[in-house]
Amino acid sequence: MQTKLQYVTFQDLNLNTPLYNALDDLGFTTPTPIQAEAFSVVSSGKDVVGIAQTGTGKTFAYMLPILKNLKFSNQENPRILVLVPTRELVVQVVDEVEKLSKYINTRVLGVYGGTNINTQKQQIAQGVDILVATPGRLYDLAVSRVLQLKSIQKLVIDEVDVMLDLGFRHQLINIFDILPERRQNIMFSATMTQDVDELINDFFVTPERVSIAISGTPLENIAQERYNVPNFHTKVNLLNAILQDKERYNKVLIFVGFKRMADRLFEALDETFNDESCVIHSNKTQNYRLRSIEQFRNGDNRILIATDVMARGLDIDNISHVINFDTPDYPENYMHRIGRTGRAEREGHAILFSTKKELDALERIETLMKMEIPLTEIPEDIEISTELLEEERDKIKEHYNPLKRSDEDAPGPAFHEKKEKNTKENLGGSYRREIAKKYKKPKTRGDKNYNKRNKKK
Ligand code: AMP
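If you count the sequence shown from 1, you need to add 27 to reach my numbering.
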């Protein structure tokens with residue numbers, strides 16, 4: 028199938044003049060493999076599952092056939108709904124659709140949470156054809172009845188894997204409930220996970236799958252190297268040394284697996300590279316994230332620290348180096364990470380740090396790529412730290428003491444849940460509440476442990 032597609036041109040897709048003109052303006056001459064493969068399937072009106080990552084041209088893979096077939100209408104309600112997991116992606120998809128529909132009379136609107144909902148209500152009231160949204164805000168707008176979804180013909184869910192990762196499954200199902208039953212479902216995901224599979228099986232009608240071979244094929248123009256580094260602090264020391272060469276390391280995307288690690292590393296780096304680095308993860312405010320991305324994109328900051336989930340929606344060119352501060356558990360994530368450098372025929376560079384505990388993950392990556400990543404020795408002048416983070420220390424097992432309850436055993440959500448339920452039924456216990464207020468005592472042991480735990484951080 029791949030060989031046949033190599034010869035597909037935009038002319039073969041039988042587009043229309045406004046679309047050809049827009050593609051001309053963009054300087055795009057040939058469809059990317061996912062665009063060539065998805066076009067007829069999306070056009071057919073069947074449910075589609077596309078496996079493609081950011082950077083493969085997946086946005087146009089669904090937008091080209093949609094725009095080609097979208098008739099002019101001046102009705103107010105949107106006909107196409109694109110759901111994406113993050114605000115950044117809303118902005119990016121809207122931007123792409125606007126470029127592609129430059130010569131078509133199509134109204135595109137992006138809506139996302141964390142901004143004034145009333146402004147968005149006013150924009151919706153003016154009429155929309157294609158609505159790009161994050162699930163939470165979409166649902167809020169729909170229940171407020173300002174947004175009518177009864178005319179939706181096509182639902183696109185982009186980056187489904189990230190969406191489910193962020194815990195949006197419930198919201199997606201709520202949205203499915205209020206959409207017209209007769210619609211085309213188009214879904215794009217960078218990876219297939221169990222969650223994604225379940226969602227497809229539960230809500231899609233015998234979808235056609237389109238995918239391009241990406242997993243396991245490291246991009247040939249990426250030079251990879253790796254270091255064995257004993258712990259976090261030594262990783263910071265090595266990273267600080269590497270980043271000294273500002274000319275060579277001029278646009279560096281540093282990946283970490285978790286939000287907390289992103290902040291921790293940002294703080295650790297800040298001392299040396301105060302004005303040169305920025306950070307994004309899903310706990311940062313939308314403005315903060317947009318600002319960080321912009322500063323990195325335009326070169327004001329040469330270092331961006333990001334978590335996997337946040338960085339997957341980003342589209343930034345000319346990244347000189349991807350540094351994997353940790354070794355990702357899922358080898359596909361490594362592929363996604365390094366795919367950010369070495370784009371557009373330029374040579375890219377990827378560096379990987381692994382502790383001893385991360386060597387199993389390294390093996391999985393190398394197996395997937397069917398190649399070994401060359402090992403570079405840590406330079407001698409790098410200080411090898413012996414200081415360990417709490418999670419790096421071996422846990423000392425305590426003897427079982429029934430009188431001492433560990434934090435993990437403390438009454439957690441279930442305890443609260445029950446209490447909340449009880450308060451609904453019986454608002455009594457006023458005496459206890461009064462006393463608690465007077466003495467400012469924690470209401471439950473759960474709270475106490477929780478507070479204690481938080482204080483430590
Ligand atoms: P995406 O995977 O949708 O995030 O697209 C990645 C980048 O490729 C975007 O900057 C697109 O504008 C660009 N792009 C999309 N289609 C093509 C094409 N046929 N030729 C060249 N670049 C493209």
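Cβ atoms here follow ideal geometry from the backbone N, Cα and C, with glycine treated the same way.
Task: Residues of its chain near V183, where Cβ-Cβ distance is below 6 angstroms and the 5 sequence neighbours each way are ignored - done: Y89, V109 and I213
Task: Closest residue to E374 among E414, L265, I249 and N310 (Cα-Cα distance) - done: I249
Open item on the list: Once the 5 residues before and after G141 are set aside, which same chain residues still bring their CB inside 6 angstroms of it?
Closed with: Q313
Open item on the list: On the criterion of 16 or more Cβ atoms from any shown chain inside 10 Å, does H376 qualify as buried, or is it exposed?
Closed with: buried
Open item on the list: What does the alpha-carbon distance come out to for the pair Y361 and Q102?
Closed with: 45 angstroms
Open item on the list: Between L176, D204, H260 and V117, which has its C-alpha nearest M190's C-alpha?
Closed with: V117
Open item on the list: For the pair the stretch 222-233 and the stretch 146-153, tell me if three or more CB-CB distances fall below 8 angstroms.
Closed with: no
Task: Alpha carbon of T218 to alpha carbon of L50, nearest angstrom - done: 28 angstroms
Task: Member of P162, L270, R324 and L42 whose CA lies at the smallest distance from the CA of N298 - done: The question names Asn, but residue 298 is Glu in the sequence shown. Comparing Cα-Cα distances from E298 to each of P162, L270, R324 and L42, the minimum goes to L270.
- [ ] For the stretch 222-279, list the alpha helix (DSSP H) runs that are entirely contained and at least 4 residues long, ordered along the chain.
- [x] 259-269
Open item on the list: Among T354, K286 and D327, whose alpha-carbon lies nearest the alpha-carbon of T334?
Closed with: K286
TODO: State the Cα-Cα distance for the pair I78 and V187, rounded to the nearest angstrom.
DONE: 10 angstroms
- [ ] Just the C-alpha distance for R318 and D302, rounded to the nearest angstrom, thanks.
- [x] 14 angstroms
- [ ] Go to L402, then tell me how far its beta strand (DSSP E) extends in each direction, as first and last residue.
- [x] First-last for L402: undefined, no H or E at that position.
Open item on the list: When you measure from the CB of G72 to every non-hydrogen atom of the ligand AMP, does any distance come out below 7 angstroms?
Closed with: no
- [ ] Using beta-carbon positions only, say whether H348 and V279 come within less than 8 angstroms of one another.
- [x] yes
Task: Range covered by the alpha helix (DSSP H) that runs through I61 - done: P60 to S71
TODO: May I ask you to check if the CB of D342 is nearer than 7 angstroms to at least one heavy atom of the ligand AMP?
DONE: yes
TODO: Compare the Cα-Cα distances from K397 to each of E359, D408 and N41 and report the closest residue.
DONE: E359
TODO: Could you tell me which residues DSSP pairs with A160 in its beta bridges?
DONE: L110 and V138
Task: Residue range of the unbroken alpha helix (DSSP H) whose run includes T86 - done: K85 to N96
- [ ] Report the rounded CA-to-CA distance for E195 versus P257, giving the unit in angstroms.
- [x] The residue asked about is misnamed: residue 195 is Phe in this sequence, not Glu. Taking the straight line from one Cα to the other gives about 36 angstroms.
TODO: From the DSSP output, in three-state form, read off N360 for me.
DONE: helix
Task: Under 8 angstroms between C-beta atoms of H260 and S412 - done: yes
Task: Range covered by the beta strand (DSSP E) that runs through L331 - done: I330 to T334
Task: Proximal residues to L136 (C-beta, below 6 angstroms), its chain only, five neighbours per side dropped - done: Q150, V155 and L158
- [ ] Would you mind stating whether E115 and T86 have Cβ atoms separated by less than 8 angstroms?
- [x] no
TODO: Please name the residue in R209, R275, S238 and L127 whose C-alpha comes closest to that of A65.
DONE: S238
Open item on the list: Would you say the beta carbon of P112 is closer than 7 angstroms to some non-hydrogen atom of the ligand AMP?
Closed with: no
- [ ] Taking all protein chains shown into account, decide if R209 is buried (16 or more other Cβ within 10 angstroms of its Cβ) or exposed.
- [x] exposed
Open item on the list: Measuring alpha carbon to alpha carbon, tell me which residue in M288, E274, D272 and L395 is nearest E419.
Closed with: M288
Open item on the list: I believe N201 touches Y254 by the beta-carbon criterion, under 8 angstroms. Please report the beta-carbon distance rounded to the nearest angstrom.
Closed with: With 8 angstroms as the limit, N201 and Y254 do not qualify as a contact, their Cβ atoms being about 46 angstroms apart.
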